[in-house]
Amino acid sequence: MKAIGATSPDRSSLAYVELAGPVPGPHDLLVKVEAVGVNPVDTKIRKTLGGSLDPRVLGWDAAGTVVAVGSEVVDFRVDDEVFYAGDVTRPGSNSELQLVDARIVAHKPTTIGFSVAAAWPLVSLTAWELLFERMGVDEHGGDAGKALLIINGAGGVGSALIQLAKHAGLEVIATASRENTEKWCRDLGADHVVSHREPLAPQLSALGFSEVPFIVNLHEPSAYWQQMGELIAPLGAIGMIVEPLEALRIGDPFKAKCVRIAWEFMFSRSKFQTHDMARQGEILEEIACRIEAGQLKQLMTRNLGTITPDHLRVAHEALEGGTVYGKWVLEGWE
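So for the sequence shown, this note's numbering puts the first residue at 19; every next one is plus one.
Structural data, given as structure tokens:
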């Protein structure tokens, strides 16, 4: 089968490779990949490569069609259309065929195509787990009216998070730095948009907020650590997904305010085969239901065309340059 792999940190190493067709294990689906999304994790893992001639197949967002099922699979059948993020410890979705554990897969929303669906899994799982499971926000509206500050609101995770937070009744303050990303955040439902290139406290004060009970930082956290300490309310919660570049001082004011500091890594459940691993499939099924009900707006902002090394290089360069907002996808094979 055809796949696209990388052998070095350089984008130029992305190239076609021929691999043997995979055989499903007991819990696996074998999926014909129709569309893929691109994410910062793709470039981060590519940059760690080197010292091996074996290509690493990247890609952890896909939508496709089931072509075979493992012996223990009960919820999926051949020809089902599905979407999923996958498992970072296994080969990625930049491949004509991919094995994925059925427990972290959901049926693709019937109202959207493969390309639009491929934009959703990784970022919606990250946003859902971070907000509702790690930070403890009530997904059913028990925290309605409370404020959430999202630093870097226009990225893929931020784009999903804005919508999930609004659905839970939160008042959303998103940060953005360009006219197009500010508009994007507002179009997704953000109540307020401020600039992350300027001090945050004066901007929030002008909006009537001296503190907020929830902060999600989707950027490198040390750059905003002091500001978050000033803005977080006592007994509040801070959520993060990006590894800090320098050590974070987690004592006062965070200790004095008894702040919950929560990390989210979407691949933890599959990487460590946790007892609740199937929860990811359930979350994606709920995301699919909300999409079908018209409660979530699409995240795809650009379809780069077919799944080729050249198009993946374009996507990786844009991700590394920080110019992507929403989600970019590729669809079909040449």
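Built from N, CA and C at the ideal position, the CB exists for glycine as well.
Because the structure is a prediction, the values reported are computed rather than measured.
Is DSSP giving residue i helix, strand or coil here?
i: H334; result: helix
i: A120; result: helix
i: L302; result: helix
i: K62; result: helix
i: G254; result: strand
i: G339; result: helix
i: E36; result: strand
i: K50; result: strand
i: K345; result: strand
i: K289; result: helix
i: R74; result: strand
i: R308; result: helix
i: R267; result: coil
Out of the options, which has the shortest C-alpha to C-alpha gap to residue i?
i: D205; options: G39, V342, M258, L314; result: L314
i: L179; options: G163, A333, I233, R278; result: I233
i: L140; options: L117, E157, G176, R95; result: G176
i: W243; options: P73, F290, G269, K62; result: G269
i: H237; options: F150, W281, D156; result: W281
i: P217; options: P231, A208, A241, R196; result: A241
i: E36; options: T129, S30, P73; result: P73
i: N198; options: T341, A162, G160; result: T341
i: D105; options: A120, V96, E114; result: A120
i: T144; options: R297, A311, H329; result: R297
i: H45; options: S113, E310, I279, A86; result: A86
i: E310; options: G339, L249, I130, S31; result: I130
i: S286; options: E248, A208, R152, R95; result: R152
i: G254; options: R308, M295, L337, L149; result: L149
i: C276; options: I259, M284, G247; result: G247
i: A306; options: L182, H329, H214; result: L182
i: A274; options: S70, P252, M284; result: P252
i: P109; options: V49, G69, L225, V91; result: V49
i: R215; options: V96, V41, Q245, D209; result: Q245
Are the C-beta of residue i and some C-beta of chain B separated by less than 7 Å?
i: K65; result: Protein chain content of the structure displayed is limited to a single chain, and chain B is not contained in it.
Find out if the Cβ-Cβ distance for the pair residue i, residue j is shorter than 7 Å.
i: G43; j: G88; result: yes
i: G344; j: L317; result: yes
i: A53; j: S133; result: yes
i: L117; j: V84; result: no
i: A186; j: G159; result: yes
i: A33; j: P327; result: yes
i: W202; j: A172; result: yes
i: P271; j: K164; result: no
i: I279; j: I250; result: no
i: G107; j: K289; result: In the sequence as presented, Gly is not what sits at residue 107; that position holds Thr. For T107 and K289, yes; Cβs fall inside 7 Å.
i: A81; j: A135; result: yes
i: R331; j: R29; result: yes
i: V211; j: Q221; result: no
i: L67; j: S26; result: yes
i: E114; j: M258; result: no
- At what residue ranges does the segment 174-248 contain a whole run of the alpha helix (DSSP H), taking only runs of 4 or more? 174-185, 197-206, 218-224
- Message: Whether or not the segment 75-85 and the segment 43-63 are in contact is what I'm after, with contact meaning three or more pairs of Cβ atoms, one per stretch, closer than 8 Å; do they touch?
- Response: yes
- Query: Is the segment 336-349 in contact with the segment 318-325, if contact means three or more CB pairs nearer than 8 Å?
  - Reply: yes
- Task: Scan the segment 87-158 and note each continuous alpha helix (DSSP H) run of 4 residues or more that stays entirely inside, going in chain order.
- Result: 132-136, 139-146
- Message: With three or more beta-carbon pairs closer than 8 Å as the criterion, would you say the segment 152-170 touches the segment 191-208?
- Response: yes
- Message: Does the contact criterion of 3 or more C-beta pairs under 8 Å hold for the segment 83-100 versus the segment 258-267?
- Response: no
- Query: Would the segment 118-129 and the segment 295-311 be scored as touching if the rule is three or more Cβ pairs under 8 Å?
  - Reply: yes
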